[in-house]
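**Student:** Structure provided below as structure tokens; questions to follow.
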Amino acid sequence: MNARERFLETMTFGNPDGIFYWCRSAYLRQATLDRWFHEGLPPNLGSSDSLSSWQSSWRAVREYLGFDSSETLPVDFGPLPRFESVILEEDERYQVWIDEMGAKRLDFRVQPEPGFQTRTWLEYPVRTRGNFVRMAERYDPGVPSRYPADWEECAKSLRGGEHPLRLAVPSLFGTVRGWMGLEGAALCFYDDPQWMHEMMDFVTEFVVAASRRAVETHVVDWIMLFEDMAYKTASMISPDMVREFMLPRYGRIVEFFRDEGVEVIMVDSDGHVSDLIPLWLETGINGLFPLEVAAGMDPVAVRKEYGRSLALIGGIDKRELAKDREAVRKEVMSKVPYLLQEGGYIPLVDHAVPPDVPYENFLYFLELLRTIESEVYG
């Protein structure tokens with residue numbers, strides 16, 4: 610099988626010939642590559658001194674370590690035009706500025722530890738209905754620059770290729786929270802529910818309209834809906850609120866993609882999402898990522914509870930990979946053999962590989978996966 614066939618067979622509980630080794634761009638942090646280049650990762654694969662060199666290095670590292678490729682389709686779902694980035698105040702310690710999404714932020718120049726950026730959102734762009742009207746103008750789905758100028762040529766070359774093609778789609782709560790901030794969105798649910806319904810409707814129709822060209826050219830293999838709507842122990846809003854404000858809109862989005870032949874529709878949400886899984890399943894969403902272990906998510910328990918109704922990606926505790934080989938072995942062996950045998954699972958660290966993971970440990974992680982792979986698939 611090629612990577613695309615293997616991915617689709619895995620995510621639809623078919624009969625893959627092995628593990629799909631996914632490595633998205635955010636999987637390996639810049640600081641992680643910096644460390645690994647000093648611990649044995651071949652230096653000829655590049656460096657991470659700048660964003661462009663890091664992107665080049667990431668692709669080279671991905672190929673060197675034997676990861677499969679899942680390409681993200683170049684559709685721009687953000688505000689167009691972007692907001693102008695403006696520095697409002699700065700010194701040697703911090704910078705206050707307006708970012709390209711319209712938010713006012715404070716970013717510290719000196720980070721507390723490598724690989725993590727400390728930043729604080731001071732003000733969000735949508736605080737009134739007037740703000741929302743002006744924001745909505747930047748979310749015109751028909752703006753030509755949402756797609757590359759050579760999209761038709763690009764789609765033709767990608768169609769039926771060897772790699773699964775992902776459409777990364779902003780979803781409902783994730784989008785509104787990005788506009789208003791968590792506090793602003795939470796208050797809006799109570800203070801002005803009609804306005805929240807209007808915003809949710811707007812996001813829904815924008816997602817459908819902006820995605821239409823991609824799915825109609827038959828190049829989309831799977832959808833990743835970005836939400837990030839849970840904390841360590843519970844969701845950011847109650848299941849009752851999700852049902853009232855989001856379930857009908859999820860249904861509209863899922864129905865649209867299903868009608869266009871997309872089988873795999875996943876949600877990307879950190880945090881403890883156990884209360885949300887039944888709601889997502891009710892709408893036809895059939896996949897979950899990244900199964901954050903620190904937030905109490907257990908991929909084995911999820912599989913036992915929901916069976917083959919939910920494909921899973923992630924669930925390997927990054928904290929264990931930072932310890933010794935025995936900790937890595939226990940973490941992998943307690944989950945991966947069972948999950949691979951049950952099907953519908955891609956083993957992956959539960960978010961991104963942080964820089965406290967030694968290169969040797971990560972190689973051992975991959976070695977264990979390949980050993981299990983040979984036992985499960987022959």
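Numbered by the working numbering, the letters in the sequence shown go through residues 610 to 987 in order.
Each residue gets a CB set at the ideal place from its N, CA and C atoms; glycine is no exception.
Treat the numbers as computed from the prediction; the structure is a model and nothing was measured.
(1) With a threshold of 16 other CB atoms inside 10 Å of the CB of Pro688, please say whether the residue is buried or exposed.
(2) Which stretch, first to last residue, makes up the beta strand (DSSP E) that contains Trp831?
(3) Ignore the nearest five residues each way along the sequence and tell me which others in Lys944's own chain have a CB closer than 8 angstroms to its CB.
(4) Between the alpha carbons of Arg615 and Gly623, how many angstroms are there, rounded?
(5) By the three-class DSSP mapping on this structure, what secondary structure does Ile922 have?
(6) Between Ala794, Cys632, Asn611 and Glu693, which lies nearest to Ala961 when the distance is taken from Cα to Cα?
(7) Consult DSSP for Thr681 and reduce its assignment to one of helix, strand or coil.
(8) In the DSSP assignment, what are the bridge partners of Ala777?
(9) Classify Leu660 as helix, strand or coil using the three-state DSSP reduction.
(10) Which residues does DSSP pair with Tyr954 in a beta bridge?
(11) Looking only at DSSP bridge pairs, what is Leu637 linked to?
(12) Buried or exposed: which applies to Val876, given that a residue is buried once 16 or more other Cβ atoms fall within 10 Å of its Cβ?
(13) Could you round the C-beta distance between Leu888 and Val911 to whole angstroms and report it? I think they count as a contact, below 8 angstroms.
(14) So within the stretch 835-901, which uninterrupted beta strand (DSSP E) runs reach at least 3 residues, ignoring any that extend past its ends?
(15) Is Asp800 helix, strand or coil when you go by DSSP?
(16) Within 10 angstroms of its Cβ, does Thr737 collect 16 or more other Cβ (buried), or is it exposed?
(17) According to DSSP, is Arg986 helix, strand or coil?
(18) For Glu940, which residues does DSSP report across the bridge?
(19) Please return the same chain residues whose Cβ sits closer than 8 angstroms to the Cβ of Glu984, not counting the five positions on each side in sequence.
(20) Using DSSP with H/G/I as helix, E/B as strand and the rest coil, what is Leu791?
(21) Decide yes or no for the touch test of the stretch 853-865 against the stretch 772-782: beta carbon pairs closer than 8 angstroms, at least 3 of them.
(22) With Thr619 as the anchor, note down where its alpha helix (DSSP H) starts and where it stops.
(23) Does the beta-carbon of Phe717 have 16 or more other beta-carbons within 10 angstroms, so that it is buried, or is it exposed?
(24) Using alpha carbons as the reference points, say which of Lys932, Val829 and Tyr986 lies closest to Glu600.
(25) I need the boundaries of the alpha helix (DSSP H) containing Phe741, first residue and last residue.
(26) Out of Phe971, Leu948 and Gln950, state which residue places its alpha-carbon closest to the alpha-carbon of Asp933.
(27) Can you tell me which residues form a DSSP beta bridge with Leu715?
(28) Which partner residues of Val695 appear in the DSSP bridge assignment?
(29) With distances taken from CA atoms, which of Val882, Gly893 and Leu890 is nearest Pro555?
(30) Is the stretch 785-805 close to the stretch 839-854, with three or more CB pairs under 8 angstroms?
(31) What residue range does the alpha helix (DSSP H) around Ser766 cover?
(32) How far does the alpha helix (DSSP H) with Tyr915 in it extend, from its first residue to its last?
(33) Using C-beta distances below 8 angstroms, list every residue in its chain close to Leu890, excluding the 5 sequence neighbours before and after it, in chain order.
(34) To the nearest angstrom, how far is it from the Cα of Leu776 to the Cα of Trp667?
(35) Can you give me the C-alpha to C-alpha distance between Tyr673 and Glu792, rounded to a whole angstrom?
(36) Three or more C-beta pairs under 8 angstroms: does that hold for the stretch 753-764 against the stretch 810-818?
**Tutor:** With the given structure in hand:
(1) Label assigned to Pro688: buried.
(2) Trp831 to Phe835 is the span of the beta strand (DSSP E), which, as asked, contains Trp831.
(3) Correct list, in chain order: Pro908, Val909, Gly924, Ile925 and Pro956.
(4) Distance between the alpha carbons of Arg615 and Gly623 is about 9 angstroms.
(5) It is a strand residue.
(6) Measuring C-alpha to C-alpha distances from Ala961 to each of Ala794, Cys632, Asn611 and Glu693 identifies Cys632 as the nearest.
(7) Shown here, Thr681 sits in a strand according to DSSP, grouped into three states.
(8) The partner list for Ala777 (beta bridge, DSSP) reads Met833.
(9) Because Leu660 sits at a pLDDT of 49, beneath the cut-off of 50, its placement in the model cannot be relied upon, and the point is left open.
(10) DSSP output for Tyr954 lists Leu921 as bridge partner(s).
(11) According to the DSSP secondary-structure assignment, Leu637 is paired through a beta bridge with Val962.
(12) Val876 is buried by the Cβ-count criterion.
(13) Not really, about 14 angstroms apart at Cβ, beyond 8 angstroms.
(14) Here the runs fully enclosed are 873-877 and 896-898.
(15) Per DSSP, reduced to three states, the secondary structure at Asp800 is helical.
(16) Thr737 is exposed by the Cβ-count criterion.
(17) The question names Arg, yet the displayed sequence has Tyr at residue 986. Here Tyr986 sits in helix by DSSP.
(18) Glu940 pairs with nothing; no bridge assigned.
(19) Excluding positions up to five away in sequence, the list reads Pro946.
(20) If DSSP states are grouped into helix, strand and coil, Leu791 belongs with the helices.
(21) The stretch 853-865, when compared against the stretch 772-782, does touch it at the 8 angstroms Cβ threshold.
(22) Unbroken alpha helix (DSSP H) run through Thr619: Ala612 to Met620.
(23) By the beta-carbon neighbour count (other beta carbons within 10 angstroms, threshold 16), Phe717 is exposed.
(24) Only positions 610 to 987 of the chain appear in the structure, and residue 600 is not among them; the question remains open.
(25) For Phe741, the enclosing alpha helix (DSSP H) covers residues Arg738 to Glu746.
(26) Considering only alpha carbons, the answer is Phe971.
(27) In the DSSP assignment, Leu715 is bridged to Val705 and Thr729.
(28) Beta-bridge partners of Val695 (DSSP): Ile707.
(29) Only positions 610 to 987 of the chain appear in this structure, which leaves residue 555 out of reach.
(30) They touch, by the three-pair rule.
(31) Start and end: Trp760 to Leu767.
(32) Residues Pro908 to Tyr915.
(33) Residues of the same chain with a CB within less than 8 angstroms of the CB of Leu890, apart from the 5 flanking positions on each side, are Tyr915, Ser918 and Leu919 in chain order.
(34) Going from the Cα of Leu776 to the Cα of Trp667 covers about 20 angstroms.
(35) Approximately 44 angstroms between the Cα atoms of the pair.
(36) The stretch 753-764 is not in contact with the stretch 810-818.
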